[in-house]
Amino acid sequence: MRSSKTKDMTVGSPLKLILEFSIPLVFGQLFQQLYNLVDTMIVGKFLGQSALAGVGATGCLCFLILGFCGGLCAGLSIPVSQAFGAKDHQLMHRYVANSIYTSVFFAILIAVLTSILCHPILRLLQTPSDVYEYAYSYLIVIFIGIPFTVLYNMTASLLRAVGDSRTPVIFLVIASLLNIILDLLCILVFHMGTMGAAVATVASQAVSGIACVIYIIKRFDVLHPAGEEWKFSMPHIGRLCYMGIPMGLQLSITAIGSTILQASVNMLGSFYVAAVTAGIRISMVFMCAFDAVGTAMATFCGQNVGAKKFDRSTKGRWQVSLCVPSTVCLILR
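Under our numbering, the first residue of the sequence shown is numbered -18, with each subsequent residue one higher.
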């Protein structure tokens, strides 16, 4: 028997709903950052400072490209959440189908362009010569694996659009554990160097993305287009791009400053690159709560705008803006 763990966020206490929705996301992101720290430790311990610097030299660039992919997918899911909030399932199915077409197009386009431009980008970033090969072997695999990154982000965003924030986190945790195992396997057993770390990352993302697809097929009838709903529609794709591209660019623009800083750090040499890499991995842990609440707000506002409950959407934004930052800052202190 199929069951859908959807959540209608158009009724009930806005702050309570948003916080409940955010909690699984916080744990998922904390676990992912824990993996990133372990990944850094594995590369640094078993491959050395130069390899760690090679991976670190590409960090901001990965954030720039993969951040766009993540933001794009989150944006593509907004019309889905709006249609879900409006209880218009036929429209929602049209958006689901066309969001799949749109994400496939962007995934292939970005993967091809970044793979072709990998060498020029690394040179533009002033990548130190002693870590250049480490950086390239890591980055090219990450770029080739972008379709798998988009697969997970798109399916996870669709699940969140209908109120399920737990399932994507479960698959993310499983993928993170798999990632650590594959890291050790590829680096220590197969001696693949930094390329092995990238292969482990891409493989785990593929597993989590495929797991989300299977889960949606088996458990989420509400996300299943049928018949004419699968029809390619430029008006629907236009609406999806109107939401998705700005969200992708928002994250990318944020990363541009970090990328410029990365280029400056790269000019200092591999020792400084490795040090900054370790520091960034730690600092990202403290951003998890804000990222999780931001993701929750996208679903909350999307559903309520779709239901034309604009006052409720505004109320939720104000409550979160006043409550969450002060609470997180108090905890950090």
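For glycine and all other residues, C-beta sits at the position ideal for the given N, C-alpha and C.
With contacts defined as CB atoms closer than 8 Å, valine 150 and phenylalanine 281 fail to qualify as a contacting pair.
Collapsing the DSSP output to three states places threonine 108 in coil.
Threonine -9: not part of any alpha helix (DSSP H); DSSP gives it neither H nor E.
Contact between the stretch 161 to 168 and the stretch 136 to 146 is not established, with fewer than three Cβ pairs separated by less than 8 Å. In the same chain as leucine -4, and ignoring 5 residues on each side of it, the C-beta atoms closer than 6 Å to its own belong to Gln300, in chain order. Serine 118 places its beta carbon 8 Å or farther from that of threonine 39. For phenylalanine 129, the uninterrupted alpha helix (DSSP H) run begins and ends at 127 to 142, by DSSP. If the five residues before and after threonine 108 are omitted, its C-beta is found closer than 6 Å to the C-beta atoms of Ala38, Ala116 and Asn247, all from its own chain and listed in chain order.
Between valine 286 and tyrosine 133, the alpha-carbon positions lie close to 26 Å from each other. Taking all protein chains shown into account, alanine 207 has fewer than 16 neighbouring C-beta atoms within 10 Å of its C-beta and is therefore exposed. DSSP places histidine 70 within a helical segment (H, G or I) once states are collapsed to three. Taken atom to atom, the span from the alpha-carbon of glycine 250 to that of glycine 35 is near 11 Å. If you draw a 10 Å sphere on the C-beta of glycine -7, you find fewer than 16 other C-beta atoms in it, and that means exposed. Ranking Gln284, Thr182 and Leu15 by CA distance to the CA of phenylalanine 129 puts Thr182 first. With respect to glutamate 210, glutamine 71 sits close: the two C-beta atoms are nearer than 8 Å. DSSP, reduced to helix, strand and coil, places phenylalanine 152 within a helical segment of the structure shown.
With contacts defined by Cβ atoms closer than 8 Å, methionine 224 and glycine 51 do not form a contacting pair. In this structure, the alpha-carbon of aspartate 69 lies about 41 Å from that of valine 122. Residue range 269 to 287 is occupied by the alpha helix (DSSP H) that includes aspartate 272.
Closest by C-alpha distance to leucine 159, out of Arg200, Leu6 and Phe12, is Phe12. Under the three-state reduction of DSSP, alanine 88 is assigned to helix. A straight-line Cα-Cα distance of about 31 Å links aspartate 272 and glycine 29. By the Cβ neighbour-count rule, aspartate 111 is exposed, with fewer than 16 other Cβ atoms within 10 Å of its own. Closest by C-alpha distance to leucine 105, out of Ala256, Ser245 and Ile91, is Ser245. Boundaries cannot be given for alanine 38, as no alpha helix (DSSP H) includes it and DSSP labels it neither H nor E.
In this structure isoleucine 46 is in contact with threonine 95, their Cβ atoms being roughly 6 Å apart against a cut-off of 8 Å. Between threonine 240 and the set Phe44, Met173 and Arg298, the nearest pair of CA atoms involves Phe44. Between the beta-carbon of threonine -13 and that of aspartate 145 there is about 7 Å, and that keeps the pair under the 8 Å contact cut.
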